[in-house]
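Just below is one structure, and these are the notes that go with it.
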Amino acid sequence: MIYRILIPIILGTVLPYLWIFKTEFQKVTGRKRFLLWIPAMIVWGYSVYLAFLPNFVPKNPLLVDIWFALMAVCAVPEFVFAFCSSLGWCCKRYFLLEKNWGRILGLVLAIVAFVTFIYGFTLGFRKLEVKQVTIYLSDLPKNFDGYRIVLFSDFHLGSYYGWRSDIPQRDIDSIQAQHPDMICFTGDLQNAHPSELVPYYQMLRSLKAKDGVYSILGNHDYSYYVDADPDEQVEIEKRVQDFERSLGWQLLNNEHRVVYRGQDSIYIAGTENYDKPKRTSVAKSLASIKPGNFILMLQHIPTQWKDMVPSKINEVYGSKDTVLVAPQLTFSGHTHAGQVEVLGIRPTMFASYDYGLYEREGCQLFTTAGLGGVIPIRIGATAEIVVVTLKRK
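Numbering of the sequence shown is given in the working numbering, commencing with residue 389 and proceeding in unit increments.
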């Protein structure tokens with residue numbers, strides 16, 4: 389996990405510390421100067437250690453928590469202060485000011501950054517919103533008018549232990565309290581390995597809805613993030629799928645089911661992962677569904693939706709012998725809404741369809757912020773379960 393951002397982490401600590409020593413501690417020399425470098429060296433050393441662990445995600449989530457605590461104390465405030473101070477220094481020289489106001493601003497913002505980081509790591513990650521969304525659909529069968537679905541995604545159960553161990557049960561209780569007609573889960577039940585799921589078996593098995601629980605696999609539900617030989621990888625993926633089916637969930641691996649209300653019906657389709665690993669088969673998931681039917685599609689990665697609208701679906705996924713019907717409604721997750729949102733700005737906002745409700749060519753997509761994350765932090769982008777009410781236009 390850390391190796392992907394190792395160089396930015398090192399640069400993001402080296403450069404601020406160099407600036408701080410140049411401007412604030414010029415007279416400090418010898419052993420005292422070395423001692424002041426120790427926090428930065430701890431961040432570098434620990435980051436390198438995590439980067440070279442065999443798996444993408446450490447098996448022990450405490451290792452990630454320690455890294456976040458180090459970043460909150462030894463890296464983030466220093467980066468914020470150095471950035472503001474250097475910017476103020478440039479303004480002072482350019483505008484011939486008497487004082488570097490960026491230094492004062494940097495001190496204030498460094499404290500704010502420290503408090504915000506700790507909040508996101510503790511209270512922010514624990515927050516849950518039960519979001520109510522009404523989606524209007526012209527093709528919705530009459531008997532499904534008012535149909536209620538609870539959508540949840542990205543549980544990442546490997547991230548909960550100790551002081552966070554109560555969160556999954558709270559989330560499950562919140563889902564059950566909605567008494568939905570259907571429950572949909574759009575992937576990433578685990579961080580990396582099915583052993584993370586075992587303690588939550590009875591809790592997950594308690595999820596019930598009138599028309600059942602439907603799920604798909606996310607990128608973390610495969611063996612992509614585990615350092616194992618091919619045979620072990622196959623076994624790991626089988627264990628995850630067997631686990632979900634043993635819960636009584638309908639796991640949709642490029643397939644579909646039909647749900648009835650009187651004489652009316654809707655199709656629930658689901659594809660496997662769109663990228664890394666790429667296992668998706670839209671053609672299989674929609675096989676034999678005739679035009680005129682209503683389709684609810686579950687897809688983990690929302691960027692796939694760009695090719696799911698009527699003008700693209702057959703061009704990208706169809707064939708001479710297969711004419712595919714574009715799903716009227718798609719549910720996705722994966723993005724976690726960036727996990728951080730400040731003043732409407734979030735890291736994923738420039739990616740396609742990263743959060744919320746979208747509409748194109750008469751088709752709609754809802755991307756949820758999900759519940760958890762491999763990285764245990766939430767600031768602004770609150771974890772959520774979504775109660776979707778379907779209404780006829």
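Virtual Cβ for every residue (Gly too), placed ideally from N, Cα, C.
Rounded to whole angstroms, the gap between the alpha carbons of Thr401 and Asp615 is 29 Å.
With respect to Tyr655, Leu686 sits apart: the two C-beta atoms are not nearer than 8 Å.
Taking C-beta separations shorter than 7 Å and ignoring five residues to either side along the sequence, the partners of Val697 in its chain run Ala714, Arg748, Glu749, Cys751, following chain order.
The C-alpha of Thr777 lies about 17 Å from the C-alpha of Ser541. In the three-state scheme derived from DSSP, where H, G and I count as helix and E and B as strand, Val518 is classed as strand.
CA-CA distance, Ile398 to Thr417, rounds to 23 Å.
DSSP, read as helix, strand or coil, puts Val774 in strand. Taking C-beta atoms as the reference points, Pro690 and Asp742 count as a pair closer than 8 Å.
Taking the CA atoms as reference points, Asp695 sits about 5 Å from Ile701. Taking the Cβ atoms as the reference, Val436 lies roughly 7 Å from Leu394, within the contact range of under 8 Å. When Cβ pairs closer than 8 Å are counted between the two stretches, the stretch 471-478 is seen not to touch the stretch 717-737, the count staying below three.
The C-beta distance from Ala671 to Tyr705 rounds to 5 Å, short enough to meet the 8 Å contact threshold. In this structure, the beta-carbon distance from Pro582 to Ile555 does not fall below 8 Å.
Around the Cβ of Val628, a 10 Å sphere holds 16 or more other Cβ atoms; the residue is buried.
In this structure Thr659 does not touch Ile571 by the C-beta definition: roughly 18 Å separates them, more than the 8 Å allowed. For Glu643, the enclosing beta strand (DSSP E) has its first and last residue at 643-649. In terms of Cβ geometry, Pro568 and Arg593 do not form a close pair [threshold 8 Å].
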